[in-house]
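J.: Here this note's numbering is used: position 110 in the sequence shown is 102, and no number is missing along the way. We put the CB at the ideal spot given by N, CA and C, even for glycine. Just so it is clear, the structure is predicted and the values come from calculations on it, not from any experiment.
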Amino acid sequence: MQKIAFIGAGNMAGALIGGLIADGVSPDSLLAADPSVEKCDALAASTGMQTTQDNLAAVAGADVVVLAVKPQVLREVVDGISGPIRERQPLVISIAAGIRCDTLLDWFGGDVPLVRTMPNTPAMIRSGATVLFATDGVSDAQREQAESLMRAVGLTQWIDDESQMDAVTALSGSGPAYLFLVMEAMENAARECGLPAETARLLTLQTAFGATRMALESDEPPAELRARVTSPGGTTERAIDTFESGGLRQLFVDAIRAAQQRSVELSADLGAK
C-alpha cells in the first residue's frame, strides 16, 4: 500500500484527501503534517487518518509527498525536508501556485521526481480542473500516480511546456472568479429589471449551471450552441449585439493576458525569495 504524505492540512489538502478516500483509498495510507493542532485534529476526526506537527515524520517512508502549503512558506518547508527527500526520492507533487519547478529543485538541492500542479477552487467540491507538468525525473508510473491523485478532485490535463502554466493560471486558476463576476452582473441586472432578489439569484445560478452542463455534454463548440439559441431579430440577438458592440470579447482577452502577465511576475518574485 503506497503511503501519501501531505505537508499542509488546509482546504486544498482536505479536498484532495476527501476525494482520495471517496475513491477508495484507505485512510491508513495517508498522513498529513501541519503546525496547526486544530487543523490536524479536525482532519483526523473527519477522515480517521493520522496527522502530525512534524514534517520530517510525515515524509519518512512516504512514496508520494504533496506540498500543500502557501507559496510564501514553501521554501522554509522544503529546507526542512530536503535531506530525506533527496535520499529516498519519493514523488513530490506541488500544488503551491507560482513556484516553478527549477526553483523547487534548486531549493531541494538536487533532482527529485517533481510534478507541479495548478488546481482551482472548484476542487473543493470535486469539480475542479487541474493542470500538471512533470520534470524529466518523473517516471510513467509516477505520472499516473500524480494524475490519479489529482483526478480525485476533478478533471486533469497535462502540459509539456511549463511556461504554459502562466496561461493556465490566468484561465482555469482565476477563471472561477470571472464566472462569478458574470453571474454577479447578471443577477444585478435582473434586479434592475424588476425581478425579486431571490428569483434573480436562482435563475442566474441555474442558467449558468444548465449552460455549462449543455456545453460539457455537447460535441459542438460554444459558438454553435450560442448561435442555435440566438434567433434573428429576437431578444437574445439584441443582448448579444450589445455585448459585442461593448467590446466584451476583447475585454476577456485583455483580462486573461493581464492575469497571465501577473502570474509571470509573481513567479519571478517568489523564485527570488
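Could you check where the alpha helix (DSSP H) with M41 kicks off and where it finishes?
T.: Within the sequence shown, the letter at position 49 stands for residue 41. Counting along the chain, M41 falls outside any alpha helix (DSSP H), and DSSP gives it neither H nor E.
J.: Tell me whether D131 sits in a helix, a strand or coil according to DSSP, three-state version.
T.: Residue 131 sits at position 139 when you count from the first residue of the sequence shown. Checking the sequence shown, residue 131 turns out to be Ser, not Asp. If DSSP states are grouped into helix, strand and coil, S131 belongs with coil.
J.: What residue from D26, M178, G202 and L83 has the CA that sits closest to A1's CA?
T.: Here residue 1 is taken as the residue at index 9 of the sequence shown, counted from 1. Comparing Cα-Cα distances from A1 to each of D26, M178, G202 and L83, the minimum goes to D26.
J.: Taking buried to mean at least 16 other C-beta atoms within 10 Å of its own C-beta, is A251 buried or exposed?
T.: On the sequence shown, residue 251 is found 259 positions in, with the first residue counted as 1. Buried, by the Cβ-count rule.
J.: Count the other C-beta atoms from every protein chain shown that fall within 10 angstroms of the C-beta of L267, then say buried if there are 16 or more, exposed otherwise.
T.: The requested residue 267 does not occur in the structure, where the chain is confined to residues -7 to 265.
J.: Using the Cβ count rule (16 or more neighbours within 10 Å means buried), how would you classify P105?
T.: On the sequence shown, position 113 is the one that residue 105 refers to. P105 is buried by the Cβ-count criterion.
J.: The alpha helix (DSSP H) with L243 in it runs from where to where?
T.: Counting from one through the sequence shown, the residue named residue 243 turns up at place 251. L240 to G263 is the span of the alpha helix (DSSP H), which, as asked, contains L243.
J.: Please name the residue in A159, L197, T191 and S155 whose C-alpha comes closest to that of V174.
T.: By 1-based counting over the sequence shown, the position of residue 174 is 182. Comparing Cα-Cα distances from V174 to each of A159, L197, T191 and S155, the minimum goes to L197.
J.: Distance check for K31 and A24, CA to CA, integer angstroms please.
T.: Working through the sequence shown from its first residue, we reach residue 24 at position 32. Working through the sequence shown from its first residue, we reach residue 31 at position 39. A24 and K31: Cα-Cα distance of roughly 10 angstroms.
J.: First and last residue of the alpha helix (DSSP H) that includes G202?
T.: Working through the sequence shown from its first residue, we reach residue 202 at position 210. A189 to E209 is the extent of the alpha helix (DSSP H) around G202.
J.: Would you give the residue range spanned by the alpha helix (DSSP H) that S86 belongs to?
T.: Residue 86 sits at position 94 when you count from the first residue of the sequence shown. Counting along the chain, S86 falls outside any alpha helix (DSSP H), though it belongs to the beta strand (DSSP E) covering L83 to S86.
J.: Between the segment 11 to 22 and the segment 78 to 97, do at least 3 Cβ pairs fall closer than 8 angstroms?
T.: no
J.: Just confirm the distance between the C-beta atoms of L141 and L12, as a whole number of angstroms; I'd bet it's less than 8 angstroms.
T.: Position 149 of the sequence shown, counting from 1, holds the residue named residue 141. Position 20 of the sequence shown, counting from 1, holds the residue named residue 12. That belief holds up - the Cβ atoms of L141 and L12 are roughly 7 angstroms apart, short of 8 angstroms.
J.: Among A54, L83, I87 and D55, whose alpha-carbon lies nearest the alpha-carbon of Q64?
T.: What you label residue 64 is simply residue 72 of the sequence shown in a count that begins at 1. Q64 has its Cα closest to that of I87, out of A54, L83, I87 and D55.
J.: Can you say whether I91 is buried or exposed, counting buried as having 16 or more other CB atoms within 10 angstroms of its CB?
T.: The residue given as residue 91 occupies position 99 in the sequence shown. The residue in question, I91, is buried, as its Cβ has 16 or more Cβ neighbours within 10 Å.
J.: Just confirm the distance between the C-beta atoms of V58 and F(-2), as a whole number of angstroms; I'd bet it's less than 8 angstroms.
T.: Residue numbering aside, residue 58 sits at position 66 when the sequence shown is read from its first letter. Residue numbering aside, residue -2 sits at position 6 when the sequence shown is read from its first letter. Correct: roughly 5 angstroms between the Cβ atoms.
J.: CB I9 to CB T44, shorter than 9 angstroms?
T.: Taking the first residue of the sequence shown as 1, we reach residue 9 at position 17. Taking the first residue of the sequence shown as 1, we reach residue 44 at position 52. Not closer than 9 angstroms, so no.
J.: Which residue's Cα is closest to the Cα of L171: L97, W99, T204 and L147?
T.: What you label residue 171 is simply residue 179 of the sequence shown in a count that begins at 1. Considering only alpha carbons, the answer is T204.
J.: Taking only three categories from DSSP, how would you classify T109?
T.: Position 117 of the sequence shown, counted from the start, is the residue given in the question as residue 109. T109: strand per DSSP, three-state reduction.
J.: In whole angstroms, what is the alpha-carbon distance linking R135 and R230?
T.: Within the sequence shown, residue 135 is the residue found at index 143, counting from 1. Within the sequence shown, residue 230 is the residue found at index 238, counting from 1. In a straight line, the C-alpha of R135 is about 48 angstroms away from that of R230.
J.: Quick check on the DSSP output: the alpha helix (DSSP H) that includes T227 runs from which residue to which?
T.: Working through the sequence shown from its first residue, we reach residue 227 at position 235. Element bounds for T227: T227 to S237.
J.: State the DSSP-derived secondary structure class of A144, mapped to helix, strand or coil.
T.: Locating residue 144 in the sequence shown gives position 152, counting from the first residue. Here A144 sits in coil by DSSP.
J.: Pick helix, strand or coil for G72, following the three-state DSSP scheme.
T.: For the purposes of this step, residue 72 is identified with residue 80 of the sequence shown, where counting begins at 1. In this structure, G72 counts as helix in the three-state DSSP scheme.
J.: Rounded to a whole number of angstroms, what is the C-alpha to C-alpha distance between T161 and M110?
T.: What you label residue 161 is simply residue 169 of the sequence shown in a count that begins at 1. What you label residue 110 is simply residue 118 of the sequence shown in a count that begins at 1. Answer to the nearest angstrom: the Cα atoms are 7 angstroms apart.
J.: Determine the extent of the beta strand (DSSP E) in which L124 is found, giving its start and end residues.
T.: If you number the sequence shown from 1, residue 124 lands on position 132. G120 to A126 is the span of the beta strand (DSSP E), which, as asked, contains L124.
J.: Where does Q149 fall in DSSP's three states?
T.: Residue 149 sits at position 157 when you count from the first residue of the sequence shown. In the structure shown, Q149 sits in a strand (DSSP, three-state: E or B).
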